[in-house]
């Protein structure tokens with residue numbers, strides 16, 4: 001249990017203590033379990049909630065929430081000192097475009113994404129990619145319809161995962177200035193697995209998590225009094 005708590009701390013809490021108190025932080029794909037240190041929370045409300053574990057839906061009342069698409073955000077270049085992007089890139093059709101956009105709007109950040117080995121053990125219906133870490137490089141491999149079907153039919157379930165799950169089920173990457181990545185997609189369009197979107201979330205509630213992050217914000221968060229969405233957004237001509 002201590003190991004699980006430590007891993008949770010490293011994933012969800014510690015990144016917030018690695019930034020300065022006055023740094024401007026954006027949580028990209030904030031969803032139902034937002035990053036406690038975020039100043040701006042960015043998500044696409046038009047997407048279904050089937051990829052979320054809880055039934056809460058997107059949290060919009062923690063800080064400044066902005067609705068939008070990661071592939072084309074409204075923000076200025078280097079508007080943020082730090083970006084937090086967890087369990088988002090595996091859902092997007094163009095992770096290359098998303099990563100370039102993350103680098104454009106932020107100076108540094110933290111990325112978390114399911115290990116491709118975990119996806120093989122327990123394939124998720126809204127994940128489009130197997131993702132692996134080669135040194136500091138994120139390698140995305142497009143999932144095919146046939147592959148997803150075979151993996152889903154051989155899903156080991158919770159008991160199986162207990163003894164087959166990799167020691168680090170999630171890739172955790174801190175980056176500065178640049179994110180190294182590679183996209184491997186040799187499939188024809190009709191061969192590609194497409195996400196199954198449902199309007200009904202998977203169930204559960206993040207009450208304890210939300211209580212924890214509100215406590216952390218109360219104790220350690222510095223409110224940005226001059227935070228203005230107009231100053232963050234770029235002006236298009």
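In full-length UniProt numbering, the protein residues as written are 1 to 237. Ideal Cβ positions, reconstructed from N, Cα and C, are used throughout, including at glycine. Just so we're clear, the structure is a prediction, and the values are computed from it rather than from any experiment.
Query raised in the report: What residue does the alpha helix (DSSP H) around residue 219 start on, and which one ends it?
Result: Counted as a single uninterrupted DSSP element, the alpha helix (DSSP H) harbouring residue 219 occupies residues 207–220.
| task | Write down every uninterrupted run of the alpha helix (DSSP H) in the region 76–162 whose length is 4 residues or greater and which is fully enclosed by it, in chain order. | result | Whole alpha helix (DSSP H) segments, 4+ residues: 95–105, 116–121, 145–153.
With DSSP as the reference, label residue 44 as helix, strand or coil. Residue 44: coil per DSSP, three-state reduction.
Could you tell me the alpha carbon to alpha carbon distance between residue 206 and residue 3, rounded to whole angstroms?
Rounded to whole angstroms, the separation of the alpha carbons of residue 3 and residue 206 is 20 Å.
| said: Please classify residue 215 as buried or exposed, where buried requires at least 16 neighbouring CB atoms within 10 angstroms. | reply: Exposed is the call here.
How is residue 72 classed by DSSP in three states: helix, strand or coil? In the three-state reduction of the DSSP assignment, residue 72 falls in the strand class.
Exercise for review: Flag this pair as touching only if the region 57–67 and the region 88–96 have three or more C-beta atom pairs under 8 Å; answer yes or no.
Suggested key: Taking a contact to require three or more Cβ pairs closer than 8 Å, the region 57–67 and the region 88–96 do not qualify as touching.
Would you check if there are 3 or more beta carbon pairs closer than 8 Å linking the region 185–193 to the region 4–11? No: the two stretches stay apart, fewer than three of their Cβ pairs being nearer than 8 Å.
Under three-state DSSP, which class holds residue 171? The three-state reading of DSSP puts residue 171 in strand, counting E and B together.
| task | Report all residues from its chain with a CB closer than 6 Å to the CB of residue 24; omit the five preceding and five following residues, and keep chain order. | result | Closer than 6 Å at Cβ, skipping near neighbours: 39, 80, 81.
### Task
Please state if the CB of residue 132 and the CB of residue 174 are separated by a distance shorter than 8 Å.
No, these two residues do not count as a Cβ contact at 8 Å.
Start and end of the alpha helix (DSSP H) containing residue 59?
-> That residue, residue 59, is in no alpha helix (DSSP H); it is neither H nor E in DSSP.
Close-in-space but distant-in-sequence residues of the same chain around residue 103 (CB under 7 Å, 5 per side omitted)
Within the same chain, Cβ atoms closer than 7 Å to the Cβ of residue 103 are found at 178, 179, the five residues on either side in sequence being excluded.
DSSP puts residue 27 in a beta bridge; with which residues?
Under the DSSP definition of a beta bridge, residue 27 partners with 41, 84.
Whole-angstrom distance between residue 76 and residue 229, CA atom to CA atom: Distance from the CA of residue 229 to the CA of residue 76, rounded to the nearest whole angstrom, comes to 11 Å.
| request: Would you identify the three-state DSSP class for residue 14, choosing helix, strand or coil? | output: If DSSP states are grouped into helix, strand and coil, residue 14 belongs with the helices.
Quiz prompt | Residue burial classification, residue 176 (beta-carbon count within 10 angstroms, cutoff 16) | solution = Exposed: under 16 other Cβ atoms inside 10 Å.
Could you compute how far the alpha carbon of residue 128 sits from the alpha carbon of residue 93?
Approximately 7 Å, taken between the alpha carbons.
By DSSP's criteria, residue 67 is part of a beta bridge. Which residues make up the other side? BP columns for residue 67 point to 43.
Work out the CA separation of residue 44 and residue 71 for me, nearest whole Å. Each residue's Cα considered, the two are about 11 Å apart.
Do the CB positions of residue 17 and residue 27 come within less than 8 Å of each other?
-> No.
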